[in-house]
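*Asks:* In the numbering used here, the protein residues as written are 222 to 336. Note that beta-carbon positions come from the ideal geometry of N, C-alpha and C, so glycine has one too.
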């Protein structure tokens with residue numbers, strides 16, 4: 222991550238009974254307060270989809286032990302197809318990514334196919 226080279230992040234997802242949960246695993250070389258942002262887009266096309274209006278945000282203290290940040294995709298009914306889970310990490314208090322209105326902001330991504 223260019224802005225925070227000591228912080229490592231991996232996007233992931235969980236599909237259970239057709240319900241999707243967006244997730245990211247975060248670690249850091251030393252304890253660091255960060256805000257983790259998660260969002261979902263359609264793929265191809267990178268059209269912002271969820272959460273409504275702005276990415277999910279959670280502030281955590283990242284350290285050597287992996288820490289998972291997650292949020293279920295609410296009552297939205299996802300159609301079968303390909304989706305991208307995106308994650309971006311900033312220093313606590315920094316400006317959030319403009320994911321909802323800027324398709325070029327993708328952070329780190331992980332795609333999945335919903336059957």
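Using a Cβ-Cβ cut-off of 8 Å (strictly less than) and excluding sequence neighbours within five positions of residue 235, which residues of its own chain qualify?
*Replies:* The sequence position of residue 235 within the chain shown is 14, counting from 1. Only 241, 242, 244 and 291 meet the Cβ criterion.
*Asks:* With distances taken from CA atoms, which of 262, 283 and 286 is nearest residue 277?
*Replies:* Working through the chain shown from its first residue, we reach residue 277 at position 56. The shortest C-alpha separation from residue 277 is found at 262.
*Asks:* Which value, in whole angstroms, describes the spacing of the CA atoms of residue 288 and residue 311?
*Replies:* On the chain shown, residue 288 is found 67 positions in, with the first residue counted as 1. On the chain shown, residue 311 is found 90 positions in, with the first residue counted as 1. Computed Cα separation, rounded: 15 Å.
*Asks:* Who are the Cβ neighbours of residue 270 in its own chain at under 6 Å, not counting the five residues just before and after it?
*Replies:* As a first step, residue 270 must be located in the chain shown, where it is residue number 49. The answer, listed in chain order, is 261, 262 and 263.
*Asks:* Since residue 294 contacts residue 247 with CB under 8 Å, what's their CB separation in whole angstroms?
*Replies:* In the chain shown, residue 294 corresponds to position 73, counting from 1. In the chain shown, residue 247 corresponds to position 26, counting from 1. Not quite, the Cβ-Cβ distance comes to about 20 Å (not below 8 Å), so this is no contact.
*Asks:* Name the one or two DSSP bridge partners that residue 246 has.
*Replies:* On the chain shown, residue 246 is found 25 positions in, with the first residue counted as 1. According to DSSP, which records beta bridges pairwise, residue 246 is partnered with 231 and 289.
*Asks:* With DSSP run on the structure shown, which of helix, strand or coil describes residue 259?
*Replies:* Residue numbering aside, residue 259 sits at position 38 when the chain shown is read from its first letter. Here residue 259 sits in strand by DSSP.
*Asks:* Among 316, 228, 335 and 320, which residue has its Cα nearest to the Cα of residue 300?
*Replies:* What you label residue 300 is simply residue 79 of the chain shown in a count that begins at 1. With distances taken between Cα atoms, residue 300 lies closest to 335.
*Asks:* Restricting to Cα atoms, I'd like to know which of 305, 317, 238 and 259 is closest to residue 230.
*Replies:* Mapped onto the chain shown, residue 230 falls at position 9. Cα-wise, what sits closest to residue 230 is 259.
*Asks:* Starting from residue 278 and walking both ways along the beta strand (DSSP E), at which residues does that stretch end?
*Replies:* Stepping through the chain shown from its first residue, residue 278 is reached at position 57. Looking at the DSSP string, the run of the beta strand (DSSP E) that includes residue 278 is 277-283.
*Asks:* Which stretch, first to last residue, makes up the beta strand (DSSP E) that contains residue 302?
*Replies:* The residue you call residue 302 lines up with position 81 of the chain shown. Residue 302 -> beta strand (DSSP E) spans 302-312.
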